[in-house]
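**Q** Residue numbers (this note's numbering): 9 to 369. We put the CB at the ideal spot given by N, CA and C, even for glycine.
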Amino acid sequence: MTAGATAGAATVSAAGPSELGIVVDRVARRFGAVQAVVDASMVAPMGQVTGLIGPNGSGKTTLMLMLASLLAPDQGSIRVAGHDPVADPASARRLLGWMPDQLGSWGSLSARTTLVQTGRLYGMHRLAAAHRAAELIHLVDLGELADRPSRVLSRGQKQRLSLARALVHDPAVLLLDEPASGLDPAARVALRRTVRRLAGEGRAVLVSSHVLAELDEMADSAVYLDRGVTADAARIAATRVSERAWRIRSADRHRLRDALFRAGVPWERIDADAGGLLVPIAGEDAAAALLTRLVGEGLAISAFAPAVGELEHTFLDLSGERMAAAPPAGAGGPGAPADPSPYAPPAPGAHPAPPQPGGPQ
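#1: Which ranges does the beta strand (DSSP E) cover as unbroken runs of at least 3 residues, wholly within the region 223 to 304, from first to last along the chain?
#2: With distances taken Cα to Cα, identify the nearest neighbour of Q56 among P81, V45, V181, L326.
#3: May I have a chain-ordered list of the beta strand (DSSP E) segments no shorter than 3 residues that lie completely inside the region 45 to 93?
#4: Would you mind listing the alpha helix (DSSP H) stretches within the region 123 to 155 that are 4+ residues and don't spill past its ends, in chain order?
#5: Once DSSP output is grouped into helix, strand and coil, what is the label at P193?
#6: With a cut-off of 8 angstroms, does the C-beta of M72 fall near any C-beta of chain C?
#7: Given this structure, state the Cα-to-Cα distance separating K166 from I278, to the nearest angstrom.
#8: DSSP has R37 in a bridge; who is on the other side?
#9: With a Cβ-Cβ cutoff of 8 angstroms, do L307 and R263 count as a contact?
#10: So what does DSSP say about L184, is it helix, strand or coil?
#11: Closest by CA to D109, which one among A290, D192, R257, S170?
#12: Can you list, in chain order, the residues of its chain with a C-beta nearer than 6 angstroms to that of V42? Leave out the 5 residues immediately preceding and following it.
#13: Among all the DSSP beta bridges, which residues are the ones paired with S310?
#14: State the beta-bridge partners of P108 as determined by DSSP.
#15: Roughly how many angstroms separate the alpha carbons of M132 and S229, rounded to a whole number?
#16: Do G67 and A80 come within 8 angstroms of each other at the CB atom, strictly closer than that value?
#17: Along the alpha helix (DSSP H) that carries A98, what are the first and last residues, could you check?
#18: Classify D192: buried if its beta carbon has 16 or more other beta carbons within 10 angstroms, exposed otherwise.
#19: Write down the C-beta distance between L286 and A253 rounded to the nearest angstrom, noting that I regard them as a contact closer than 8 angstroms.
#20: When we look at the beta-carbon of A194 and count the other beta-carbons within 10 Å, is it buried (16 or more) or exposed?
#21: What does S216 pair with, by DSSP beta-bridge criteria?
#22: Roughly how many whole angstroms lie between the Cα atoms of E318 and D224?
#23: Is the separation between the beta-carbon of A271 and that of R235 shorter than 8 angstroms?
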């Protein structure tokens with residue numbers, strides 16, 4: 009994540025409504041017998057990029073649709089820039105930009121016309137909408153394709169058009185669902201810069217993505233969702249001092265391996281890849297101590313860093329914890345936990361049970 013970033017399920021603090029672009033409090037949503045979102049709470053502050061992370065089927069899309077005012081929660085509350093998207097969807101939508109995973113567009117219309125018409129739907133004068141469309145076409149680098157039918161655009165180009173469309177009315181809050189999907193490496197770098205710039209202008213940006221390395225480069229914080237439940241801050245904090253692989257590189261790999269063994273790393277726990285030696289280290293303090301020792305022995309260390317990013321480490325750590333907690337097939341029975349997830353909700357009675365089918369749709 010970006011410098012000074014944190015990872016974890018945010019909770020509503022002393023920050024005022026104007027400082028919180030998105031506030032989700034104990035939200036649940038069911039589809040028939042399927043409880044898609046069980047207990048989700050989070051905040052996305054203005055001026056920051058917040059990541060929304062979780063495995064497939066974790067409830068991310070359902071949560072994003074509720075934030076976009078396209079689904080109503082069965083319980084709990086949501087605020088978007090201070091507005092309730094259920095009670096007052098029109099006010100929320102005026103302040104909200106929504107970029108879905110798949111762009112729904114008119115194939116015969118050009119990117120320019122699509123943006124102008126979107127501006128008109130938001131009540132903009134035609135000249136103002138045309139001016140805004142030109143600005144956004146430049147922002148997302150679609151100048152050469154601006155007047156061609158959108159059906160000829162590639163997947164990545166449609167993603168850029170989708171981002172531009174979400175920005176037409178200059179929203180205070182942005183919801184981006186898999187924005188890097190289909191983008192080439194250069195376009196991904198440009199996307200990171202654009203998203204950081206948009207947040208730097210004071211917007212709250214929520215990004216749902218499976219590309220964790222990409223998200224690590226742009227997010228200030230992250231919310232982890234699994235089986236419809238957001239991970240609590242204490243569990244996130246525990247991952248920061250759990251073991252992860254660090255990659256260490258030196259010109260003399262054999263001498264480095266010997267030095268690691270003398271530092272107390274067992275031979276069998278020293279792995280290697282093309283980038284160097286991989287060593288399990290628990291926390292940054294332990295990493296700093298090991299680096300100091302290696303340098304003190306006269307080793308020239310050319311690389312010393314985590315082998316995976318902060319978001320990926322936290323995601324894998326929580327996922328591994330969940331798998332370790334799962335009972336073997338056939339185990340369980342009466343009295344066994346129904347959900348061994350590390351994100352598991354509080355015990356029955358700690359908060360109201362999700363409503364039965366038939367709630368608001």
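**A** Considering the structure as presented:
#1: 229 to 234, 251 to 258, 279 to 281, 284 to 290
#2: V181
#3: 57 to 61, 83 to 88
#4: 134 to 147
#5: helix
#6: Any reference to chain C falls outside this structure, which holds one protein chain only.
#7: 45 angstroms
#8: V45
#9: yes
#10: strand
#11: S170
#12: none
#13: S310 is not bridged to any residue.
#14: For P108, which the question treats as bridged, DSSP gives no partner whatsoever.
#15: 34 angstroms
#16: no
#17: 97 to 102
#18: exposed
#19: 5 angstroms
#20: exposed
#21: L60, D185
#22: 7 angstroms
#23: no
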